[in-house]
Amino acid sequence: MIRRLLPLSGLLAFALLLEVVPYTGVVSAVYLPPLHRIAGALGQEFGRDAFWTALLDTLRTWLTGLAIAVGAGVVVGVVVGSVPLLRAATASTVEFLRPIPSVALIPLAVLLYGTGRTATLLLVVYASFWQVLVQVLQGVTDVDPVARDTARSYGLGRLARIRWLVWPTTLPYAVTGVRLAAAVALILTVTGELVIGTPGLGKEIALAQSGGAVAQMYALIVVTGLVGVVANVVTRDAEKRVLAWHPAFRKEAAA
Amino acid sequence: MTILRRTALVFGLPSVLFAAWWVFSAGSVDFYRPPLSSILAAFAETWFGSRIRDDVLPSLLRLAAGYSLALVLGIGLGVLIGLSPRLRIAVEPVLEFLRAIPPPVLVPILILFAGIGDLMKVLVVVSGCVWPILLNTVEGVRAIDPVLADTCKAYGIRGADRLRHLVLRSASPQIVTGARQALSVGIILMVISEMFAASSGLGFTVVQFQRGFQIPEMWSGVLLLGLLGVLLSGLFRLVERRVLAWYHGQR
Numbered sequence: 001m002i003r004r005l006l007p008l009s010g011l012l013a014f015a016l017l018l019e020v021v022p023y024t025g026v027v028s029a030v031y032l033p034p035l036h037r038i039a040g041a042l043g044q045e046f047g048r049d050a051f052w053t054a055l056l057d058t059l060r061t062w063l064t065g066l067a068i069a070v071g072a073g074v075v076v077g078v079v080v081g082s083v084p085l086l087r088a089a090t091a092s093t094v095e096f097l098r099p100i101p102s103v104a105l106i107p108l109a110v111l112l113y114g115t116g117r118t119a120t121l122l123l124v125v126y127a128s129f130w131q132v133l134v135q136v137l138q139g140v141t142d143v144d145p146v147a148r149d150t151a152r153s154y155g156l157g158r159l160a161r162i163r164w165l166v167w168p169t170t171l172p173y174a175v176t177g178v179r180l181a182a183a184v185a186l187i188l189t190v191t192g193e194l195v196i197g198t199p200g201l202g203k204e205i206a207l208a209q210s211g212g213a214v215a216q217m218y219a220l221i222v223v224t225g226l227v228g229v230v231a232n233v234v235t236r237d238a239e240k241r242v243l244a245w246h247p248a249f250r251k252e253a254a255a
Numbered sequence: 001m002t003i004l005r006r007t008a009l010v011f012g013l014p015s016v017l018f019a020a021w022w023v024f025s026a027g028s029v030d031f032y033r034p035p036l037s038s039i040l041a042a043f044a045e046t047w048f049g050s051r052i053r054d055d056v057l058p059s060l061l062r063l064a065a066g067y068s069l070a071l072v073l074g075i076g077l078g079v080l081i082g083l084s085p086r087l088r089i090a091v092e093p094v095l096e097f098l099r100a101i102p103p104p105v106l107v108p109i110l111i112l113f114a115g116i117g118d119l120m121k122v123l124v125v126v127s128g129c130v131w132p133i134l135l136n137t138v139e140g141v142r143a144i145d146p147v148l149a150d151t152c153k154a155y156g157i158r159g160a161d162r163l164r165h166l167v168l169r170s171a172s173p174q175i176v177t178g179a180r181q182a183l184s185v186g187i188i189l190m191v192i193s194e195m196f197a198a199s200s201g202l203g204f205t206v207v208q209f210q211r212g213f214q215i216p217e218m219w220s221g222v223l224l225l226g227l228l229g230v231l232l233s234g235l236f237r238l239v240e241r242r243v244l245a246w247y248h249g250q251r
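The listed protein sequences correspond, in order, to chains A and F.
So in UniProt numbering, spot 188 of the first sequence is number 188, and the numbers just go up one at a time.
So in UniProt numbering, spot 42 of the second sequence is number 42, and the numbers just go up one at a time.
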């Protein structure tokens, strides 16, 4: 019973802290409005059409970017990973391009694509592509040598080997990559909206900030946090579902 | 594999790509995509002067300050939370929420509290870097090998010795993973914090070039940011190899 209540009490304590701190004068209530005013602003947001449009815009940019990055990452990863020569030749290039911070591309994206969705998409895809690619590359090389020899002696063709051997081995890695990419893609989506001005929650936050609507700004930030939580929960759940057959997850379910 | 072959593999594709960029952009008259030669010329001119001291160094110092602060905070709190199952269960939902907030949206809040000076920029870096470190430390501390923990108990090892030799040691691979994630987040936030409100710094300068349509200079700034990212992650790998030498040797 206590174990059930503990997480709840943590949340309550956090909420209480947010409500009480502004009254103590430690921080100005102008900068950190008490929780009930943030909640009120959140309620108002729910009534605004512009808010829902912004939320949908954010979700659309995020999911589009994620889909492109995952598709490209998986295809490139499987192709490059299954040809040893190709893998060796591209390793240094991948290692070089991957750590380039995607925000370095912001000025470029603005110049080439203006403030539209494409500019933000460029950032999102660049940042999340590497997450998927690196994981898939690692997964493809992880094929069990015994299983590979078995497949070969049974005379499986190239496509059949990819389908029945490489893909199941890679899947756990790919799913991890997708989970990481989803989080990174959301960060870059909101960043693009905030800095470049692509329509979405980030732009609404920037507008609220420059308009001095502090409570509204906090409310919108809470919304981005909630979107992030939902994304984490959904990807973790999907991971469990997709990998239900995997020994690591079977063990967890049995325990 | 001979050394020659290995060098060819490492440098082959990058030099091909570089040469292709050079050749295909050589005759470029497109205002937005200047030839690589003029970008490189602008690179030397732009960054090898007083800008290193005025823009690059302050950025790196702010990043270093924020990153170290996040390390101290993240590891300290992480050990505390990881060692107490009750505390962990209680704060878990709050941490999940705080972690899920995309760090750049905290910039407007931090501007309210800390103005637009160095403090704000350091705090932005801290606010983003602390979560990966904190959560990984918690996980690492949780996953201490029970046999080792019991051995410590049996030998009466406690207090600072236990913390240093058991808790931090066994959590360190996971902490390093968190620190690596935090570094790439930190670089991003360093740049972003300077794009909002600043009078110096890399992010500020690059955006300034973009707004002033100094295109080759802007491209050179993008190159510099990329190089910095590569350099810092290389540096991190060196440090990691030292810190975790015992761990990699074990495996």
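Glycine residues also receive a C-beta, built at the ideal position from the N, C-alpha and C atoms.
Asked                                                                                                                                                                          : Found
Kindly list, in the order they appear in chain F, the residues whose Cβ is closer than 8 Å to that of residue 257 of chain A.                                                  : In this structure chain A extends from 1 to 255, so residue 257 of chain A is not present and cannot be described.
Whole angstroms are fine: how far does the CA of F/I133 sit from the CA of F/G185?                                                                                             : It should be noted that the sequence gives Val, not Gly, for residue 185 of chain F. Each residue's alpha carbon lies about 11 Å from the other.
Mind pulling the chain A residues with CB within less than 7 Å of F/R86?                                                                                                       : L6
Counting only beta-carbon separations shorter than 8 Å, does A/I162 have a partner in chain F?                                                                                 : no
Is the beta carbon of A/I205 closer than 8 Å to that of A/I221?                                                                                                                : yes
Taking the C-alpha atoms as reference points, what is the distance between F/R241 and F/H248?                                                                                  : 8 Å
Answer with yes or no whether the minimum CB distance from F/Y32 to chain A is below 8 Å.                                                                                      : yes
Taking a cut of 9 Å between CB atoms, which residues from the stretch 97-111 of chain A lie near chain F?                                                                      : L97, R98, P99, I100, P101, S102, V103, A104, L105, I106, P107, L108, V110, L111
Would you please verify whether the beta carbon of A/S128 is less than 8 Å from any beta carbon of chain F?                                                                    : no
Roughly how far, in whole angstroms, is the beta-carbon of F/P93 from the beta-carbon of A/P7, given that I think they are within contact range, below 8 Å?                    : 5 Å
The alpha helix (DSSP H) spanning F/T46 covers which residue range?                                                                                                            : 36-47
Check whether the Cβ atoms of A/T235 and A/V190 sit closer than 8 Å, and answer yes or no.                                                                                     : no
What are the start and end residues of each continuous alpha helix (DSSP H) run of 4 or more residues lying completely inside the stretch 73-151 of chain A, in chain order?   : 84-97, 106-113, 117-140
Report yes if the CB atom of F/P14 is closer than 8 Å to the CB atom of A/S102, and no otherwise.                                                                              : no
In three-state terms, what does DSSP make of F/S199?                                                                                                                           : coil
Buried or exposed: where does A/Y218 fall if 16 or more other Cβ atoms within 10 Å of its Cβ makes it buried?                                                                  : buried
Going by DSSP in three states, A/G212 sits in which element: helix, strand or coil?                                                                                            : coil
For chain F, find out if any of its Cβ atoms is closer than 8 Å to the Cβ of A/G228; answer yes or no.                                                                         : yes
Let me see if you follow: with CB-CB separation under 8 Å, is F/G249 close to chain A or not?                                                                                  : no
Please confirm if A/S92 has its CB atom under 8 Å from at least one CB of chain F.                                                                                             : yes
Pull up the distance between the alpha-carbon of F/P108 and that of A/Q209, whole angstroms please.                                                                            : 6 Å
Count the other C-beta atoms from every protein chain shown that fall within 10 angstroms of the C-beta of F/F213, then say buried if there are 16 or more, exposed otherwise. : exposed
How is A/Y31 classed by DSSP in three states: helix, strand or coil?                                                                                                           : coil
Compute the distance between the beta-carbons of A/V132 and A/G73, then report whether it is under 8 Å.                                                                        : yes
Find the residues of chain A that neighbour F/L17, judging by a C-beta separation of less than 8 Å, and give them in chain order.                                              : T93
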